[in-house]
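The opening position of the sequence shown corresponds to residue 0 in numbering that gives the first Met the number 0, with each subsequent residue numbered one higher.
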Amino acid sequence: MKRVYQAADILLAGHIHAVLEQHGIPAVLRNAYLGGAAGELPLNECWPEVWVSDDEDYELARRLVADILEAPGGSDWRCSGCGELVEGQFAACWSCGRAAPER
Ligand SMILES: [Zn+2]
């Protein structure tokens, strides 16, 4: 198990988890539902984290996370694969994993 992402943004953590799974990388989302404990624990121990189950997937997972985080923010876009509306900061569809259209 290796951690590839930690942030206070549960939506982004969930998106990263979904994208890794779409790429066939077994991943685990931790601390997704610990919001109620915030204030009792050091804040960064409550943050959502994404871990890969297999250390061999770590490098690929890091690259995917970097791609997601570096995606330029923009207006929401409609996925051409499944029709979902995806927030502009995401480089790939959270539902089916298809990459965003060129902008
Ligand atoms: Zn899609």
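Where is the CB? At the ideal position from N, CA and C, for every residue including glycine. Predicted model only: the values in this text are computed from it and were never measured.
Nearest-angstrom Cα separation, counted from residue j out to residue i
{"i": "leucine 19", "j": "leucine 63", "result": "7 Å"}
{"i": "arginine 29", "j": "histidine 16", "result": "10 Å"}
{"i": "glutamate 86", "j": "glutamate 55", "result": "30 Å"}
{"i": "alanine 65", "j": "cysteine 81", "result": "24 Å"}
{"i": "cysteine 104", "j": "methionine 0", "result": "Not covered by the structure: residue 104. The range shown for the chain is 0 to 102."}
{"i": "glutamine 21", "j": "alanine 98", "result": "11 Å"}
{"i": "arginine 110", "j": "glutamate 83", "result": "Here the chain comprises residues numbered 0 to 102, so residue 110 is not present and cannot be evaluated."}
{"i": "aspartate 75", "j": "glycine 13", "result": "17 Å"}
{"i": "phenylalanine 89", "j": "isoleucine 67", "result": "6 Å"}
{"i": "cysteine 45", "j": "glutamine 5", "result": "10 Å"}
{"i": "serine 52", "j": "glycine 23", "result": "11 Å"}
beta-carbon residue i near ligand 1 non-hydrogen atom, thresh 7 Å
{"i": "arginine 97", "result": "yes"}
{"i": "glutamate 83", "result": "yes"}
{"i": "glycine 80", "result": "yes"}
{"i": "cysteine 92", "result": "yes"}
Any non-hydrogen atom of ligand 2 within 7 Å of residue i CB
{"i": "cysteine 92", "result": "Of the ligands this structure carries, namely ligand 1, none is ligand 2."}
Burial state of residue i (16 or more Cβ within 10 Å)
{"i": "proline 47", "result": "buried"}
{"i": "leucine 11", "result": "buried"}
{"i": "alanine 26", "result": "buried"}
{"i": "alanine 60", "result": "buried"}
Three-state secondary structure (DSSP) of residue i
{"i": "glutamine 88", "result": "coil"}
{"i": "glutamate 121", "result": "Lying before the first or after the last residue shown, residue 121 is absent from the chain, which here runs from 0 to 102."}
{"i": "arginine 62", "result": "helix"}
{"i": "glutamate 101", "result": "coil"}
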